[in-house]
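Take a look at the structure set out below.
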Amino acid sequence: MDIAANLARIRTDIDAACARSKRDPATVRLVAVSKTHPAAAVTAALTAGQTLFGESYVQEFLVKADAVAAPVEWHFIGHLQSNKVKYLGGKVALIHSVDRLSLGEEISRQWQKLGRTAELLIEVNLAGEESKSGVDARELEPLLRQLATLPNLAVRGLMALPPYLDDPEAVRPYFRRLRELAGEMEALGLPGVTMRELSMGMSHDFAVAIEEGATLVRIGTAIFGERTGR
Ligand SMILES: *Cc1c(COP(=O)(O)O)cnc(C)c1O
Numbered sequence: 003m004d005i006a007a008n009l010a011r012i013r014t015d016i017d018a019a020c021a022r023s024k025r026d027p028a029t030v031r032l033v034a035v036s037k038t039h040p041a042a043a044v045t046a047a048l049t050a051g052q053t054l055f056g057e058s059y060v061q062e063f064l065v066k067a068d069a070v071a072a073p074v075e076w077h078f079i080g081h082l083q084s085n086k087v088k089y090l091g092g093k094v095a096l097i098h099s100v101d102r103l104s105l106g107e108e109i110s111r112q113w114q115k116l117g118r119t120a121e122l123l124i125e126v127n128l129a130g131e132e133s134k135s136g137v138d139a140r141e142l143e144p145l146l147r148q149l150a151t152l153p154n155l156a157v158r159g160l161m162a163l164p165p166y167l168d169d170p171e172a173v174r175p176y177f178r179r180l181r182e183l184a185g186e187m188e189a190l191g192l193p194g195v196t197m198r199e200l201s202m203g204m205s206h207d208f209a210v211a212i213e214e215g216a217t218l219v220r221i222g223t224a225i226f227g228e229r230t231g232r
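In terms of the numbering used here, the sequence shown opens at residue 3 and continues consecutively.
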């Protein structure tokens with residue numbers, strides 16, 4: 003697996019998608035999703051200039067974060083149980099996957115202990131898929147209103163994991179819907195809530211996501227190869 007070559011190719015594709023949609027490439031950040039891959043893979047990507055990584059499992063993240071020496075920005079992108087939030091305090095720059103009030107409350111509590119404000123995204127389940135986490139689009143506004151009352155939280159935007167469809171074009175309406183939702187939520191003007199970040203797009207559909215406004219693309223397989231399980 004030539005991680006450096008994969009990263010170079012993806013950066014070229016990101017630039018091309020930005021050119022097509024007349025966007026500044028500096029407004030799109032690549033989150034290298036290293037879940038299930040060893041610390042050595044993270045180090046190889048770091049050597050190639052990649053400094054932002056996404057992890058999905060708390061225990062695995064803690065071990066890996068300890069093993070990687072250089073300063074890295076970690077994002078937590080997986081389903082998060084409230085009882086594990088305490089392990090993430092101060093170690094992750096952004097949590098992409100907040101989808102319920104109880105989780106927001108626990109994040110606020112843990113970051114308060116550190117005297118800091120947690121930055122987070124709200125995960126939206128756009129297709130109402132039973133198997134996936136994420137707040138239903140209709141419940142988004144009530145959730146944001148509740149989160150806005152909590153101290154030590156700053157909501158920065160939305161995240162979605164739309165249905166996997168072979169044709170990336172078929173996913174475009176979901177990306178567009180997430181962007182529209184962000185606009186609607188921004189207009190509410192809630193305290194501590196901005197909608198600057200749209201976390202959407204993975205290995206096979208990130209170009210379309212960028213055309214629809216993604217500011218964070220979460221890419222694993224195209225950088226590190228197939229996941230072999232945990
Ligand atoms: C694993 C994962 C990704 C990366 O998916 P790839 O198809 O490997 O690029 C992105 N987002 C989330 C939430 C994930 O769990």
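All residues carry an ideal CB built from backbone N, CA and C; glycine is no exception.
{"query": "Euclidean distance between Cα positions of V30 and G222", "result": "16 Å"}
{"query": "Where the alpha helix (DSSP H) through G185 begins and ends", "result": "P170 to E188"}
{"query": "Residues near A95 in its chain [Cβ-Cβ closer than 8 Å; skip 5 each side]", "result": "E75, W76, H77 and E121"}
{"query": "Residue of L146, R181, S110 and L167 minimising C-alpha distance to P153", "result": "S110"}
{"query": "Rounded separation between E188 and A139 - CA only", "result": "14 Å"}
{"query": "C-beta contact flag for G185 and M3 at 8 Å", "result": "no"}
{"query": "Beta-carbon contacts of G92 that lie in its chain and below 6 Å, excluding the five residues immediately before and after", "result": "L116"}
{"query": "8 Å Cβ cutoff, G106 in contact with chain D", "result": "Reference to chain D is not applicable here, since this structure consists of a single protein chain."}
{"query": "C-alpha distance - A34 paired with R147, whole-angstrom precision", "result": "31 Å"}
{"query": "Backbone secondary structure at E254 - three-state DSSP", "result": "It is not possible to answer for residue 254, since the shown part of the chain is limited to 3 through 232."}
{"query": "Contact test: L32 Cβ vs ligand 1 heavy atom, cutoff 7 Å", "result": "no"}
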